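Novice:
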Amino acid sequence: MRVFFAVIGILLSFALGFGVSSDFRNMKEFREARPPAMEQSVENKADQAFLEHIRRPLAPLDALPNPYVSLESLKSAVEKDFEQNKALVLQRYPDLTGRQALVFYLQARVHGSFSTYFVRGCMPADVTQQLYSAIGNCSDYAVRLMLLADLFGIETARVSFFTPSLPGHMLVEAFDPQENTAYLLDPTFNLLLMMRSPPTRGGVLTQLLTMTAQERVRLLSGNTTGFLYQLPFRFYYANPGLGHFSGRSLSVPGIMIDPGALVGMWKKAFGEELE
2 MRVFFAVIGI LLSFALGFGV SSDFRNMKEF REARPPAMEQ SVENKADQAF
52 LEHIRRPLAP LDALPNPYVS LESLKSAVEK DFEQNKALVL QRYPDLTGRQ
102 ALVFYLQARV HGSFSTYFVR GCMPADVTQQ LYSAIGNCSD YAVRLMLLAD
152 LFGIETARVS FFTPSLPGHM LVEAFDPQEN TAYLLDPTFN LLLMMRSPPT
202 RGGVLTQLLT MTAQERVRLL SGNTTGFLYQ LPFRFYYANP GLGHFSGRSL
252 SVPGIMIDPG ALVGMWKKAF GEELE
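The opening position of the sequence shown corresponds to residue 2 in the working numbering, with each subsequent residue numbered one higher.
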């Protein structure tokens, strides 16, 4: 009987994503992880190089004095990483300030720090797995980005978003008081909105809600340079099986989003559909 419950415990730990071994802390396992499900990506040669660079843990786990406790060590490692590689962002968007490029880079690194999009039964309870687990869904992506942004003095809030075009997703509202810049960040799909010098303090969503639907549509349907940005994205989707669901399971069409349609989906969701 004890053996039976031990086996059940191991299986539940794996299914819920709590097992240490499931986090792919070994770099080789992280890079070679290819769940046999489906892949979503936006790639050309430049995007490929970008994605290969960001697809790794936030910091080399064996290089930090105590990676599971010291947030200052993590900040130092990420800061150094950004200074060495900020050209990845600035080559794409040379109009950004250094601080804005940092926000873009933080989102990109969070996106790349997950090897697998994996629907959990619930989120990890400890900050170690929230920062270093290689599996997660949009809630995990959002919380990790918030933890990282907080280290750099960027104010954030997690937003649950539901519209016909974006039916159930987790985003991050952000405001950088150092440069009076507002952001709406989607680390899952590496897409973001940025508003320089907003009229009121708060994230982009806060600003959009002060506009009429017509004003939002006009803003989003025009030239979006300097407002809507898309960075390369890739995730591997692993079906966690029936153990994660009660009732109807997540459908494949609900996950398979055409990468080329992401910008159009966002324009519609945050334009005419926003209430």
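Glycine included, each C-beta is placed from N, C-alpha and C at the ideal position. Please read all numbers here as calculations on a predicted model, not as lab measurements.
Measure from the alpha carbon of G137 to the alpha carbon of each residue in A78, M212, M266 and P188, then state which is nearest.
Specialist: Looking up residue 137 in the sequence shown gives position 136. Taking only the C-alpha atoms, the option nearest G137 is P188.
Novice: Going by the beta-carbon positions, is the gap between A60 and L107 smaller than 8 Å?
Specialist: Within the sequence shown, residue 60 is the residue found at index 59, counting from 1. Within the sequence shown, residue 107 is the residue found at index 106, counting from 1. Contact flag unset, no.
Novice: Please return the same chain residues whose Cβ sits closer than 7 Å to the Cβ of F51, not counting the five positions on each side in sequence.
Specialist: Here the question's residue 51 lines up with position 50 in the sequence shown. So the list reads L89 and P233, once near-sequence residues are dropped.
Novice: Cβ of E274 within 8 Å of Cβ of P168?
Specialist: For the purposes of this step, residue 274 is taken as residue 273 along the sequence shown, with counting starting at 1. For the purposes of this step, residue 168 is taken as residue 167 along the sequence shown, with counting starting at 1. Taking 8 Å as the Cβ cut-off, E274 and P168 do not qualify as a contacting pair.
Novice: Out of K81, F271, T98 and S74, point me to the one whose CA is closest to E180's CA.
Specialist: Residue 180 sits at position 179 when you count from the first residue of the sequence shown. For E180, the nearest C-alpha among the options comes from T98.
Novice: How is A60 classed by DSSP in three states: helix, strand or coil?
Specialist: If you number the sequence shown from 1, residue 60 lands on position 59. Coil.
Novice: State yes or no: is the C-beta of M196 within less than 8 Å of the C-beta of A175?
Specialist: The residue labelled residue 196 in the question sits at position 195 within the sequence shown. The residue labelled residue 175 in the question sits at position 174 within the sequence shown. Going by C-beta atoms, M196 is not nearer than 8 Å to A175.
Novice: Report the start-end ranges of each alpha helix (DSSP H) in the region 135-182 that is 4 residues or longer and not cut off at the edges.
Specialist: The qualifying runs are 139-152.
Novice: Under 8 Å by Cβ, that's how I've got T117 and A135 pegged, so tell me the actual separation to the nearest angstrom.
Specialist: Within the sequence shown, numbered from 1, the residue matching residue 117 stands at position 116. Within the sequence shown, numbered from 1, the residue matching residue 135 stands at position 134. About 6 Å separates the two Cβ atoms, so the contact holds.
Novice: Helix, strand or coil for D187? Go by DSSP, reduced to three states.
Specialist: Looking up residue 187 in the sequence shown gives position 186. Looking at D187 - three-state DSSP - the assignment turns out to be strand.
Novice: Going by CA-CA distance only, name the one from R57, H112, N45 and K269 that's closest to V173.
Specialist: The residue labelled residue 173 in the question sits at position 172 within the sequence shown. Residue H112 is the option with its Cα nearest to V173.
Novice: Using the C-alpha atoms, what's the distance from A214 back to R121?
Specialist: In the sequence shown, residue 121 corresponds to position 120, counting from 1. In the sequence shown, residue 214 corresponds to position 213, counting from 1. The straight-line gap from Cα to Cα measures roughly 35 Å.
Novice: For a test of the three-state rule: what should DSSP assign to Y133, helix, strand or coil?
Specialist: As a position in the sequence shown, residue 133 is number 132, starting the count at 1. If DSSP states are grouped into helix, strand and coil, Y133 belongs with the helices.
Novice: Answer yes or no: do R93 and S114 have a C-beta to C-beta separation smaller than 8 Å?
Specialist: Stepping through the sequence shown from its first residue, residue 93 is reached at position 92. Stepping through the sequence shown from its first residue, residue 114 is reached at position 113. No; because the gap between Cβ atoms is not below 8 Å, this pair is not in contact.
Novice: On a CA-only basis, which of M124, T157 and G154 is nearest D141? Give me that one, please.
Specialist: By one-based count along the sequence shown, residue 141 stands at place 140. Comparing Cα-Cα distances from D141 to each of M124, T157 and G154, the minimum goes to M124.
Novice: At the level of alpha carbons, what is the spacing between Y237 and L132?
Specialist: Counted from its first residue, the sequence shown places residue 237 at position 236. Counted from its first residue, the sequence shown places residue 132 at position 131. So the two alpha carbons sit approximately 19 Å from each other.
Novice: Alpha carbon to alpha carbon, what distance is there between A262 and S74?
Specialist: Here residue 74 refers to the residue found at position 73 when the sequence shown is read from its first residue. Here residue 262 refers to the residue found at position 261 when the sequence shown is read from its first residue. Looking at the two C-alpha atoms, the distance is approximately 39 Å.
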